[in-house]
Structure formats: structure tokens, C-alpha cells
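Trainee: Numbering (UniProt numbering), first residue to last: 1 to 336. Let me begin by handing over the structure; questions about it come next.
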Amino acid sequence: MRITTSAIIRDYKANLSASINNLNVSRTHVMTQRSFNSTAEDPASAARASQLHRKYYKNQDNLKMLEEVQARQDGQEDALRQISDMVKNISKNYNIQALNGTNQTKEVRQSYASAIRQFQQSMVLSLNSSYEETFLFAGSDGKNSPFELTSDGTLNYRGIDVNSAKGSADYDKLKTLSNENLYVDLGMGLSMDDFDQVVSSSAFNMSLPGINAIGYGVDEKGMSNNIVVMAGKLADSLEAETFDADQFRDLMNKFDTLGTNLMNQITELGVKSEFLTTTKDRLDNADISIQEQMSGVEGVDMAEAITNYMWDQYAYNSALKVGTSILSSSFIDFMR
1 MRITTSAIIR
11 DYKANLSASI
21 NNLNVSRTHV
31 MTQRSFNSTA
41 EDPASAARAS
51 QLHRKYYKNQ
61 DNLKMLEEVQ
71 ARQDGQEDAL
81 RQISDMVKNI
91 SKNYNIQALN
101 GTNQTKEVRQ
111 SYASAIRQFQ
121 QSMVLSLNSS
131 YEETFLFAGS
141 DGKNSPFELT
151 SDGTLNYRGI
161 DVNSAKGSAD
171 YDKLKTLSNE
181 NLYVDLGMGL
191 SMDDFDQVVS
201 SSAFNMSLPG
211 INAIGYGVDE
221 KGMSNNIVVM
231 AGKLADSLEA
241 ETFDADQFRD
251 LMNKFDTLGT
261 NLMNQITELG
271 VKSEFLTTTK
281 DRLDNADISI
291 QEQMSGVEGV
301 DMAEAITNYM
311 WDQYAYNSAL
321 KVGTSILSSS
331 FIDFMR
């Protein structure tokens, strides 16, 4: 068969184009360090990579959420520790001293009462602390300050007197508010039950209603179960015209018991912080694992990629030299 010059040139152009394309692909692999840069190159790997990317970004979201939850909980713990320090200060420097016979003059008791009321105000400020415009101890209503101390010494939580007696409608409301939950997904497989409620074991509850930490209601003796209110009662007792040491001692014992309950709440926060630390370690390990899988699916062996690139570069240069020998001769050259 007769092979014409145009056929040779046509085949040469097609092969040169393929050589250029191969060179471009291998160059791209080296530059991007990826085994493919479009779905068409490797559909199976591209599908697998898409799944891994979704897992990776979901894990990143969980890590970011965990950091926010940890920061929020750190704020809660700091505020409660501040209150606990105030409670210890009152018990150590004012309660015991007030029972000392030499300190039972009206003026001294008045100074003690003023100091305790200052601590009481500071406790409320700590309980109304916020993190990123969200009140830490407001339960599920993080946009409104939860506590209000009125001029007559009444402490309200979300508009309800914390000294409400057991069995009353307000007490039932406080009990409901104390059980509020605020769940967040930290990669534990968030799921819902048959009643469209979050399964508690599948999420993290970051809600901490303030009345759980400082108490609410009254006991069988009529004493408040709230440590802030009890601080006010101590001040009232010290300001009385006639100081009743026995009554003050009872108030002090109750105050110390509530201080112990507060420390228990701080301990529970520490346990939750330890859980968050463990969860972060798990998410960090998952992050490393997913990145390794992504590298195995998308990454290239750089030694092999560079070798392929050098070979394609050699093939392309050879093709150019062959083209020079083909194009340099023409029909006119053979008419001599």
C-alpha cells in the first residue's frame, strides 16, 4: 500500500498530541502529588475519596464543636470555683469569727454582714457569667441572664423564686428547669428514640442549670437549699438587734453543707472534662487515620511519579526530533 506524506504527518500529529497529553498528566501528578485529578481518571478511587472527604470534614466539625464545648465548660468550672472560694472565705473568716465572743459587738457584726452581702452579689455576678454571648448557667435559655437578686434578698432563677416550697407550682417549674438538657453531637453516633428524643448515650449534654449547682427549694426546717440565699440569711442574722448565736450556728452548718454540694458539682464538671479530653484524643486519632486513608487513595508514590514524568519528558523530546526529520523533507526535495 502507498503511504502518503499527509498520512505520515497526520499520524505524527496524533502521536505527538498523545505524548504531550501524557507529559502533562505526569507533570500534574508530580505537582499536585495526587494519583488522579478528575473523576474520569479513576472513578472507583474518586468515589472512595469522596466518602473519605465527607468523613474528614465531619470529624473536623466534631473537633471544632468539642473545643467550643470545652471552652464553655471551662467557663462554668471557673465560675463555680470562684463561688466556692467565696463560700470558703465566708466560712473561714466571717462565720467562725462571728461566734467569737469578742467579735459579737453590733459594729463588728455589721461589718461582717456587709462583707457577706458583697460576696453574695459577687456570687450572682459569677452565676450570670457568659461565653460568646451565651449565659453559662441558664440551661437551654442561654440568651437571658438566669439569676436576679432583688433588694429584699429574693433570688430568682429565670423569673422564679428559688425558695419555692416543695409541692408548689413554682417548685415544679424549678425542678423541670433543673432537668433541662442541651445535647451536641461529638461524633458518638447521635440518634433519636421512638419519641424523637435524643438518646443521651449518643450525644454530650453541655447544659448546666445554675440551680443544680447552688440549690433550690427549702428543707424540712424551712431553711433555704440555695447557697446564695443562705449567705443573705447569715448577713440578716448578723444585722439583727439581738444576735442569736444558736440560730447563726445552724445557718452556718447549713451554709457549709451547701458548700460541700457545690464542690460535688465542680467534681462532676471535672469528670465531664476528662470525658471531653478522652473524646478529643479519639477524634484526633480518627483525623490521622482518615488522612492516611485519603493519602493511600489519592496520593502518589513520588519516586514513581517523577520516574514517569522523566520518561514522558524523554518520549516527548524524542517525538520532537522525529518530527524534525519528517517535516524537513518535502516533495520539492525529490524534484532535483
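Every residue gets a Cβ at the ideal spot worked out from N, C-alpha and C, and that includes glycine.
(1) For the beta strand (DSSP E) that contains Tyr94, what are its first and last residues?
(2) Is it true that the CB of Val300 sits closer than 8 Å to the CB of Ser6?
(3) Can you give me the C-alpha to C-alpha distance between Met192 and Asp312, rounded to a whole angstrom?
(4) Measure the alpha-carbon distance for Lys155 versus Lys55 and round it to whole angstroms.
(5) Whose CA, out of Leu238, Tyr316, Asp61 and Ala245, lies closest to the CA of Ala18?
(6) Thinking just about the alpha-carbon of each residue, which of Arg81, Arg109 and Ser273 is nearest to the one in Asn93?
(7) In the DSSP assignment, find the unbroken alpha helix (DSSP H) run with Tyr171 in it and report its ends.
(8) Kindly give me the distance between the Cβ atoms of Tyr309 and Ser26, rounded to whole angstroms, as I take these residues to be in contact under 8 Å.
(9) Look at Leu99 and Ala213 and say whether their C-beta atoms are less than 8 Å apart.
(10) Using the C-alpha atoms, what's the distance from Ser200 back to Pro43?
(11) Should Thr279 be labelled buried (16 or more other beta-carbon atoms within 10 Å of its own) or exposed?
(12) Tell me the DSSP secondary structure of Arg54 in three-state form.
(13) Using three-state DSSP, classify Asp250 as helix, strand or coil.
(14) Would you give the residue range spanned by the alpha helix (DSSP H) that Phe119 belongs to?
(15) Return the CA-CA distance between Met211 and Met294, expressed in angstroms with no decimal places.
(16) Is there at least one non-hydrogen atom of the ligand SAH closer than 7 Å to the beta-carbon of Arg27?
(17) I need the boundaries of the beta strand (DSSP E) containing Glu148, first residue and last residue.
(18) Measure the alpha-carbon distance for Ala79 versus Ser126 and round it to whole angstroms.
(19) Measure how close the beta-carbons of Phe119 and Ala231 come, nearest whole angstrom, since I'm counting them as under 8 Å.
(20) How should Ser224 be labelled, buried or exposed, when 16 other C-beta atoms within 10 angstroms of its C-beta is the threshold for buried?
(21) With Asn136 and Gln76 assumed to form a contact (beta carbons below 8 Å), what rounded beta-carbon distance in angstroms separates them?
(22) Determine which residues share a DSSP beta bridge with residue 366 and list them.
(23) Runs of 4 residues minimum, wholly inside the segment 251 to 332: which ones carry the alpha helix (DSSP H) assignment?
(24) Could you name the residues of the same chain whose beta carbon sits closer than 7 Å to that of Asn59, not counting the 5 residues immediately before and after it, in chain order?
(25) Since Ser207 and Gly270 are thought to touch, with beta carbons under 8 Å apart, how far apart are those beta carbons, to the nearest angstrom?
(26) For residue 340, is the classification buried or exposed, using 16 other Cβ atoms within 10 angstroms of its Cβ as the cut-off for buried?
(27) With 16 as the cutoff for other CB atoms within 10 Å, does Val229 come out buried or exposed?
(28) Just curious, the alpha helix (DSSP H) that Asn15 is in, first and last residue?
(29) Cα separation between Thr105 and Tyr112?
(30) Cα-Cα, which of Ser318, Lys272 and Ile306 is closest to residue 337?
(31) In this structure, does DSSP put Ser224 in helix, strand or coil?
(32) Helix, strand or coil: which one does DSSP assign to Ser130?
(33) Assign Asn205 to one of three DSSP states: helix, strand, or coil.
(34) So, are the CB atoms of Gly189 and Ser202 less than 8 Å apart?
(35) By how many angstroms is the C-alpha of His53 removed from the C-alpha of Asp194?
(36) Nearest by alpha-carbon distance to Gln73: which of Val124, Ser84, Asp170 and Phe204 is it?
Mentor: Walking through what the data contain:
(1) Here the question's residue 94 lines up with position 94 in the sequence shown. No beta strand (DSSP E) contains Tyr94, which DSSP labels as neither H nor E.
(2) By 1-based counting over the sequence shown, the position of residue 6 is 6. By 1-based counting over the sequence shown, the position of residue 300 is 300. No.
(3) Within the sequence shown, the letter at position 192 stands for residue 192. Within the sequence shown, the letter at position 312 stands for residue 312. Rounded to the nearest angstrom, the two C-alpha atoms are 56 Å apart.
(4) As a working note, residue 155 is residue 155 in the sequence shown. As a working note, residue 55 is residue 55 in the sequence shown. Here residue 155 turns out to be Leu, not Lys, going by the sequence shown. Using only the alpha carbons, I get a separation of about 47 Å.
(5) Your numbering for residue 18 matches position 18 in the sequence shown. Here the closest residue by C-alpha is Tyr316.
(6) The residue you call residue 93 lines up with position 93 of the sequence shown. When each option's Cα is compared against that of Asn93, the closest is Arg109.
(7) Stepping through the sequence shown from its first residue, residue 171 is reached at position 171. Where Tyr171 is concerned, the enclosing alpha helix (DSSP H) stretches over Ala169 to Ser178.
(8) Here residue 309 refers to the residue found at position 309 when the sequence shown is read from its first residue. Here residue 26 refers to the residue found at position 26 when the sequence shown is read from its first residue. About 4 Å separates the beta carbon of Tyr309 from that of Ser26, a gap short enough to meet the 8 Å contact definition.
(9) By 1-based counting over the sequence shown, the position of residue 99 is 99. By 1-based counting over the sequence shown, the position of residue 213 is 213. Cβ distance not < 8 Å, so Leu99 and Ala213 don't count as in contact.
(10) For this step, residue 43 is matched to residue 43 along the sequence shown. For this step, residue 200 is matched to residue 200 along the sequence shown. Going by the C-alpha atoms only, they are around 40 Å apart.
(11) For the purposes of this step, residue 279 is taken as the residue at position 279 of the sequence shown. Thr279 is buried by the Cβ-count criterion.
(12) Taking the first residue of the sequence shown as position 1, residue 54 is located at position 54. Collapsing the DSSP output to three states places Arg54 in a helix.
(13) Locating residue 250 in the sequence shown gives position 250, counting from the first residue. Residue state, collapsed to three classes: helix.
(14) Residue mapping note: residue 119 aligns to position 119 of the sequence shown, counting from 1. Going by DSSP, Phe119 is part of the alpha helix (DSSP H) stretching over Lys106 to Leu127.
(15) Translated into the one-based positions of the sequence shown, residue 211 becomes position 211. Translated into the one-based positions of the sequence shown, residue 294 becomes position 294. Per the sequence shown, residue 211 should be read as Ile rather than Met. Looking at the two C-alpha atoms, the distance is approximately 48 Å.
(16) Of the ligands one can find in the structure shown there are none, so the ligand SAH has no counterpart to examine.
(17) The sequence position of residue 148 within the sequence shown is 148, counting from 1. Counting along the chain, the beta strand (DSSP E) containing Glu148 begins and ends at Phe147 to Leu149.
(18) Indexing the sequence shown from 1 puts residue 79 at position 79. Indexing the sequence shown from 1 puts residue 126 at position 126. Going by C-alpha positions, Ala79 is about 5 Å away from Ser126.
(19) As a first step, residue 119 must be located in the sequence shown, where it is residue number 119. As a first step, residue 231 must be located in the sequence shown, where it is residue number 231. About 6 Å separates the beta carbon of Phe119 from that of Ala231, a gap short enough to meet the 8 Å contact definition.
(20) Walking along the sequence shown from the start, residue 224 turns up at place 224. Around the beta carbon of Ser224, 16 or more other beta carbons lie within 10 angstroms, which makes this residue buried.
(21) Within the sequence shown, the letter at position 136 stands for residue 136. Within the sequence shown, the letter at position 76 stands for residue 76. The residue you asked about is not Asn; residue 136 is Leu in the sequence shown. Right, the Cβ-Cβ distance comes to about 5 Å (below 8 Å), so this counts as a contact.
(22) With the chain running from 1 to 336 in the structure shown, residue 366 is simply not present.
(23) Segments of the alpha helix (DSSP H) lying fully in the segment 251 to 332: 302 to 328.
(24) On the sequence shown, residue 59 is found 59 positions in, with the first residue counted as 1. Taking C-beta separations shorter than 7 Å and ignoring five residues to either side along the sequence, the partners of Asn59 in its chain run Gly187, Leu283, Ala286, Asp287 and Ile290, following chain order.
(25) In the sequence shown, counting from the first residue as 1, residue 207 sits at position 207. In the sequence shown, counting from the first residue as 1, residue 270 sits at position 270. With a beta-carbon spacing of about 17 Å, Ser207 and Gly270 fall beyond the 8 Å limit used to define contacts.
(26) There is no way to answer for residue 340, as the model of the chain reaches only from 1 to 336.
(27) In the sequence shown, the residue the question calls residue 229 occupies position 229. It is buried - the Cβ of Val229 has at least 16 other Cβ atoms within 10 Å.
(28) Counting from 1 along the sequence shown, the entry for residue 15 is found at position 15. Bounds of the alpha helix (DSSP H) holding Asn15 are Thr5 to Thr32.
(29) Indexing the sequence shown from 1 puts residue 105 at position 105. Indexing the sequence shown from 1 puts residue 112 at position 112. Between the C-alpha atoms of Thr105 and Tyr112 there is a straight-line separation of about 11 Å.
(30) Since the first residue shown for the chain is 1 and the last is 336, residue 337 is missing from the structure and cannot be characterised.
(31) Taking the sequence shown and counting its residues from 1, one reaches residue 224 at position 224. Shown here, Ser224 sits in a strand according to DSSP, grouped into three states.
(32) The residue you call residue 130 lines up with position 130 of the sequence shown. Under the three-state reduction of DSSP output, Ser130 falls in the strand class.
(33) Working through the sequence shown from its first residue, we reach residue 205 at position 205. In the structure shown, Asn205 sits in a strand (DSSP, three-state: E or B).
(34) Here residue 189 corresponds to residue number 189 of the sequence shown, with the count starting at 1. Here residue 202 corresponds to residue number 202 of the sequence shown, with the count starting at 1. A contact, by the Cβ cut-off of 8 Å.
(35) For this step, residue 194 is matched to residue 194 along the sequence shown. For this step, residue 53 is matched to residue 53 along the sequence shown. Cα to Cα, the separation comes out at about 31 Å.
(36) To locate residue 73, count along the sequence shown from 1; it is residue 73. For Gln73, the closest C-alpha among the options Val124, Ser84, Asp170 and Phe204 is that of Phe204.
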